[in-house]
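In our numbering, the protein residues as written are 13 to 250.
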Ligand code: ZN
Ligand code: FE
């Protein structure tokens with residue numbers, strides 16, 4: 013079971029519960045107090061923190077939640093030195109046993125060098141941190157276009173129905189750029205219309221799916237690392 017709730021200005025918090033064992037993870041810790049409140053509201057006890065990367069809006073609540081719940085902190089091996097309180101560092105390709113669930117670690121460098129995603133086949137879901145956003149991708153703060161291209165390719169290879177849980181609600185600003193990158197893409201136009209309708213009602217546009225992003229996301233659709241780099245540079249200036 014997955015629940016999603018807004019945190020900070022435009023982050024999302026996520027709770028993942030494996031029902032047989034009752035294990036409960038937060039994916040990243042944008043706001044420790046808000047995550048704590050959401051746990052209490054649902055009568056859940058936090059057992060794990062799964063971090064995608066070291067940015068403060070993803071690890072800021074680690075210590076507070078670890079102190080309060082004794083939660084085990086799991087994070088990407090490549091970023092272990094920058095994840096506060098990390099207990100278990102995992103490399104891409106490793107599988108973390110979460111009760112009856114297998115959680116697959118996928119290395120997704122680009123936004124940061126140590127970034128990872130968590131793929132949960134039992135929920136047909138992947139938590140991508142700041143790698144993919146609806147109609148967008150993360151800024152290349154540390155990595156290269158080639159690294160982001162590889163990372164997006166790995167996520168694009170998951171089953172099309174896989175739900176993508178992105179860590180920010182950046183959809184409408186991404187949409188404004190995406191339609192300039194692909195003015196003739198009718199799937200994209202439809203996606204923008206439905207995203208506007210959701211946001212008008214105050215609803216999240218997350219999760220999206222691999223299949224939807226392959227039809228609408230200019231970064232997922234870039235055919236080469238060079239093209240991805242050009243689109244990313246254009247978005248940075250947009
Ligand atoms: Zn970030
Ligand atoms: Fe972020």
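Glycine is no exception: its CB is placed at the ideal position from the N, C-alpha and C atoms.
Only counting the same chain, and skipping five residues up and downstream in sequence, which positions put a Cβ closer than 8 Å to that of residue i?
i	result
residue 245	none
residue 236	161
Sorted by chain position, which residues of the same chain lie with C-beta nearer than 7 Å to residue i's C-beta, five sequence neighbours on each side aside?
i	result
residue 89	101, 102 and 103
residue 92	98 and 101
residue 187	147, 204 and 207
Could you say which of the options lies nearest to residue i if we only look at CA atoms?
i	options	result
residue 40	70, 77, 170 and 154	70
residue 110	50, 199, 131 and 178	131
residue 62	75, 214 and 203	75
residue 241	208, 205, 201 and 123	123
residue 16	81, 121, 185 and 139	139
residue 166	183, 191, 119 and 180	119
residue 191	227, 163 and 159	227
residue 66	20, 85, 209 and 50	85
Mapping DSSP to helix, strand and coil, what is residue i?
i	result
residue 177	strand
residue 117	strand
residue 18	strand
residue 41	coil
residue 245	helix
residue 47	helix
residue 100	strand
The alpha helix (DSSP H) with residue i in it runs from where to where?
i	result
residue 189	183-193
residue 225	222-228
residue 71	68-71
residue 209	198-212
residue 83	Counting along the chain, residue 83 falls outside any alpha helix (DSSP H), and DSSP gives it neither H nor E.
Beta strand (DSSP E) containing residue i: first to last residue?
i	result
residue 137	137-141
For residue i, collect the residues of the same chain with a Cβ closer than 6 Å to its Cβ; drop the 5 residues on either side in sequence, then sort them by chain order.
i	result
residue 22	180 and 181
residue 229	147
Decide yes or no for the touch test of the segment 189-207 against the segment 149-165: beta carbon pairs closer than 8 Å, at least 3 of them. no
Cβ contact (3+ pairs, closer than 8 Å) linking the segment 204-213 and the segment 155-175: no
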